[in-house]
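Student: First the structure, then my questions, so here it is.
2 protein chains.
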Amino acid sequence: MTNEKEKLTSFLLQTFPMPAATVASIANLFKEKEFARHDFVLKEGRICNEYYFLETGFMRAFTFDHEGNDITTTFYVADQIVCELLSFFKRIPSRENIESLTDCRCWYISFDELQTVFHGIPEFREFGRTILINAYSRLKQRMLSMIQETAETRYVSLLQSSPDIFQHAQLKYIATYLGITDTSLSRIRKDFSKR
Amino acid sequence: MTNEKEKLTSFLLQTFPMPAATVASIANLFKEKEFARHDFVLKEGRICNEYYFLETGFMRAFTFDHEGNDITTTFYVADQIVCELLSFFKRIPSRENIESLTDCRCWYISFDELQTVFHGIPEFREFGRTILINAYSRLKQRMLSMIQETAETRYVSLLQSSPDIFQHAQLKYIATYLGITDTSLSRIRKDFSKR
DNA sequence: GCACGAACTTGTCAAATGACAAGCAGATGT
DNA sequence: ACATCTGCTTGTCATTTGACAAGTTCGTGC
Chain A
479 MTNEKEKLTS
489 FLLQTFPMPA
499 ATVASIANLF
509 KEKEFARHDF
519 VLKEGRICNE
529 YYFLETGFMR
539 AFTFDHEGND
549 ITTTFYVADQ
559 IVCELLSFFK
569 RIPSRENIES
579 LTDCRCWYIS
589 FDELQTVFHG
599 IPEFREFGRT
609 ILINAYSRLK
619 QRMLSMIQET
629 AETRYVSLLQ
639 SSPDIFQHAQ
649 LKYIATYLGI
659 TDTSLSRIRK
669 DFSKR
Chain B
479 MTNEKEKLTS
489 FLLQTFPMPA
499 ATVASIANLF
509 KEKEFARHDF
519 VLKEGRICNE
529 YYFLETGFMR
539 AFTFDHEGND
549 ITTTFYVADQ
559 IVCELLSFFK
569 RIPSRENIES
579 LTDCRCWYIS
589 FDELQTVFHG
599 IPEFREFGRT
609 ILINAYSRLK
619 QRMLSMIQET
629 AETRYVSLLQ
639 SSPDIFQHAQ
649 LKYIATYLGI
659 TDTSLSRIRK
669 DFSKR
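Residue numbers (my numbering), protein chains in the order written: chain A, 479 to 673; chain B, 479 to 673.
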């Protein structure tokens with residue numbers, strides 16, 4: 479049991495330092511859930527009720543544009559929280575889907591449980607706060623990079639920061655994440671490899 | 479004094495209900511600051527140290543794209559918090575500027591003060607948490623609308639939700655906020671007025 | 001009242017991007 | 001080993017969008 483939640487425990491500790499007893503009691507609340515490749519973790523229109531820690535695997539969030547094209551909004555790699563926070567905290571239907579790109583192993587806690595524990599354990603509240611700030615930061619950085627950088631620059635950055643995504647996600651998903659079509663990405667890759 | 483901070487007080491209460499004595503002690507920490515039209519509230523490269531409540535006036539946040547074009551990222555209207563939360567909480571230089579579009583009256587608290595008070599007053603911590611969730615929500619909704627809607631739809635929505643922005647911001651600023659150039663916005667307005 | 005300037009509109013043209021379709025390559029199953 | 005399928009690349013072409021410049025409108029100051 480202790481060993482089983484080792485990665486979750488160290489993630490909690492690393493996000494917000496706390497006594498061993500506290501982190502153990504928090505980790506204890508998380509239940510296991512596995513997803514097979516291409517499972518839906520969250521479906522558009524539903525309220526997100528689970529707060530997942532992704533221990534192993536890859537996922538992506540996606541939605542559809544006004545022409546019906548599938549657009550990737552986020553990639554999730556191991557060792558992070560997977561949750562559509564807008565739907566989760568505001569209790570409104572999600573406009574996004576989340577699907578697993580590989581088999582995944584997660585630890586999760588439900589919205590109701592999390593609310594209860596937030597009140598009882600200050601350290602967990604602080605952990606949640608840090609997660610929220612990090613999620614906000616990522617989203618804002620992403621928004622700014624969409625404005626400030628070219629698709630090619632974003633491609634190179636992604637390649638350097640998360641090369642493993644390229645092993646598990648199709649290029650068409652990466653393309654829409656970068657804000658371009660698979661055709662354009664293919665051309666960028668061609669130009670890029672020439673140098 | 480009590481009357482002076484009336485708008486701030488009701489904003490605090492409306493965001494997170496709390497006893498009158500508590501809200502008064504929190505409001506008491508905020509200091510006044512005024513900005514003239516076209517003042518910089520925050521400059522790119524600096525760490526955001528103030529958490530402002532905008533009592534009256536309009537502001538916008540902007541940055542520059544890879545070609546040097548001025549791009550509006552956010553409009554701020556009265557009765558909300560104005561703060562570059564990424565820079566503020568992560569203590570990193572801001573990639574955005576914030577400028578006043580009209581004369582503005584604000585109430586603010588510094589980062590250090592806020593940190594101190596967060597620990598002492600649970601209600602203020604919850605208030606801050608709600609603000610953070612709201613900021614995250616707005617950013618995410620905006621990102622999704624950039625994907626899911628056409629520029630024309632976004633224009634109509636903005637016109638309906640914040641018509642006052644059109645009184646105080648130039649169309650070129652609104653255009654970049656919508657993700658298009660002033661030329662394209664002009665064409666959208668032309669088409670739209672025809673119907 | 002007239003001249004000037006700023007903000008917005010609009011026409012023309014060029015460039016970038018995407019749609020579509022064909023081709024290619026690697027993986028998988030029989 | 002062969003056929004098949006899927007993902008990726010690439011060529012051609014059409015469309016969209018923006019750049020640029022000229023024109024218009026409106027407000028301000030002389």
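Positions of the beta carbon are idealized from the N, C-alpha and C atoms, including for glycine.
Enumerated in chain order, which unbroken segments of the alpha helix (DSSP H) with a length of 4 residues or greater are wholly contained in the region 481–562 of chain B?
Tutor: 484–493, 498–505, all fully within the region 481–562 of chain B.
Student: With respect to the beta strand (DSSP E) encompassing A/Glu577, which residues constitute its N-terminal and C-terminal limits?
Tutor: The count along the first sequence starts at 1 and reaches residue 577 of chain A at position 99. That run of the beta strand (DSSP E) goes 575–578.
Student: In angstroms, rounded to a whole number, what distance separates the CA positions of B/Asp669 and B/Lys483?
Tutor: Within the second sequence, residue 669 of chain B is the residue found at index 191, counting from 1. Within the second sequence, residue 483 of chain B is the residue found at index 5, counting from 1. In a straight line, the C-alpha of B/Asp669 is about 45 Å away from that of B/Lys483.
Student: Closer than 7 Å, Cβ to any Cβ of chain B: which residues of the region 562–583 of chain A, in chain order?
Tutor: Those residues of the region 562–583 of chain A that come within reach of chain B (Cβ to Cβ, closer than 7 Å) are Leu563, Leu564, Phe567, Lys568, Arg573.
Student: Could you say which of A/Gln648, A/Glu533, A/Ile587 lies nearest to A/Asn506 if we only look at CA atoms?
Tutor: If you number the first sequence from 1, residue 506 of chain A lands on position 28. Among A/Gln648, A/Glu533, A/Ile587, the Cα nearest to that of A/Asn506 is on A/Ile587.
Student: Since A/Ser588 is in the beta strand (DSSP E), which residue starts that stretch and which ends it?
Tutor: As a position in the first sequence, residue 588 of chain A is number 110, starting the count at 1. First-last of the beta strand (DSSP E) with A/Ser588: 582–588.
Student: Exposed or buried, what is A/Asn547 when buried is set at 16 or more other beta-carbons lying within 10 Å of its beta-carbon?
Tutor: For the purposes of this step, residue 547 of chain A is identified with residue 69 of the first sequence, where counting begins at 1. Exposed is the call here.
Student: Quick check on DSSP: helix, strand or coil for A/Glu630?
Tutor: One-based indexing of the first sequence puts residue 630 of chain A at position 152. Of the three classes helix, strand and coil, the one that applies to A/Glu630 here is helix, per DSSP.
Student: Is the region 629–637 of chain B touching the region 565–583 of chain B in the sense that three or more CB pairs, one from each, lie closer than 8 Å?
Tutor: At 8 Å Cβ cutoff, the stretches do not touch.
Student: Tell me whether B/Lys618 is buried or exposed, calling it buried when 16 or more other Cβ atoms sit within 10 Å of its Cβ.
Tutor: In the second sequence, the residue the question calls residue 618 of chain B occupies position 140. By the 10 Å Cβ count, B/Lys618 comes out buried.
Student: Could you check the C-alpha separation between B/Gly598 and A/Leu656 for me, to the nearest Å?
Tutor: In the second sequence, the residue the question calls residue 598 of chain B occupies position 120. In the first sequence, the residue the question calls residue 656 of chain A occupies position 178. For B/Gly598 and A/Leu656, the distance between alpha carbons rounds to 43 Å.
Student: Should A/Glu562 go down as buried or exposed, given a rule of 16 or more other Cβ atoms within 10 Å for buried?
Tutor: As a first step, residue 562 of chain A must be located in the first sequence, where it is residue number 84. Label assigned to A/Glu562: buried.
Student: What residue does the alpha helix (DSSP H) around B/Gln645 start on, and which one ends it?
Tutor: Position 167 of the second sequence holds residue 645 of chain B. From DSSP, the alpha helix (DSSP H) with B/Gln645 extends over 643–646.
Student: Between A/Met621 and chain B, is there a C-beta pair that is closer than 8 Å?
Tutor: Translated into positions along the first sequence, residue 621 of chain A becomes position 143. Yes, because at least one Cβ of chain B sits closer than 8 Å to the Cβ of A/Met621.
Student: From A/Met621 to A/Asp642, what distance separates their C-alpha atoms?
Tutor: Locating residue 621 of chain A in the first sequence gives position 143, where the first residue counts as 1. Locating residue 642 of chain A in the first sequence gives position 164, where the first residue counts as 1. One C-alpha to the other measures close to 22 Å.
Student: If we ignore side chains and look at the alpha-carbon of each, how far apart do A/Ser488 and A/Cys526 end up?
Tutor: Here the question's residue 488 of chain A lines up with position 10 in the first sequence. Here the question's residue 526 of chain A lines up with position 48 in the first sequence. Cα to Cα, the separation comes out at about 25 Å.
Student: Using a Cβ-Cβ distance under 8 Å, would B/Ser488 count as near chain A?
Tutor: Position 10 of the second sequence, counted from the start, is the residue given in the question as residue 488 of chain B. Not an interface residue.
Student: Could you compute how far the alpha carbon of B/Thr654 sits from the alpha carbon of B/Trp585?
Tutor: Reading the second sequence from its first residue, position 176 is the one you call residue 654 of chain B. Reading the second sequence from its first residue, position 107 is the one you call residue 585 of chain B. One C-alpha to the other measures close to 29 Å.
Student: What span of residues does the alpha helix (DSSP H) with A/Thr654 cover, start to end?
Tutor: Translated into positions along the first sequence, residue 654 of chain A becomes position 176. Per DSSP, A/Thr654 belongs to the alpha helix (DSSP H) from 649–656.
Student: Between the alpha carbons of A/Glu591 and A/Phe540, how many angstroms are there, rounded?
Tutor: Position 113 of the first sequence, counted from the first residue, corresponds to residue 591 of chain A. Position 62 of the first sequence, counted from the first residue, corresponds to residue 540 of chain A. Their Cα atoms are separated by approximately 27 Å.
Student: Looking only at C-alpha atoms, which of B/Tyr530, B/Phe605, B/Tyr554, B/Arg665 sits nearest to B/Phe508?
Tutor: Along the second sequence, read from residue 1 onward, the residue named residue 508 of chain B stands at position 30. Here the closest residue by C-alpha is B/Tyr530.
Student: Quick check on this structure: which residue in B/Arg603, B/Thr580, B/Met496, B/His544 has the alpha carbon closest to the alpha carbon of B/Ala556?
Tutor: By one-based count along the second sequence, residue 556 of chain B stands at place 78. Here the closest residue by C-alpha is B/Thr580.
Student: Within 10 angstroms of its Cβ, does A/Glu528 collect 16 or more other Cβ (buried), or is it exposed?
Tutor: The sequence position of residue 528 of chain A within the first sequence is 50, counting from 1. A/Glu528 comes out buried.
Student: Alpha carbon to alpha carbon, how far is B/Tyr554 from B/Glu533? Give it in angstroms, no decimals.
Tutor: Here residue 533 of chain B refers to the residue found at position 55 when the second sequence is read from its first residue. Here residue 554 of chain B refers to the residue found at position 76 when the second sequence is read from its first residue. Cα to Cα, the separation comes out at about 11 Å.
Student: Which bits of chain B does A/Ser615 rub up against, with CB to CB less than 7 Å?
Tutor: Translated into the one-based positions of the first sequence, residue 615 of chain A becomes position 137. Within 7 Å Cβ-Cβ: Leu564, Lys568.
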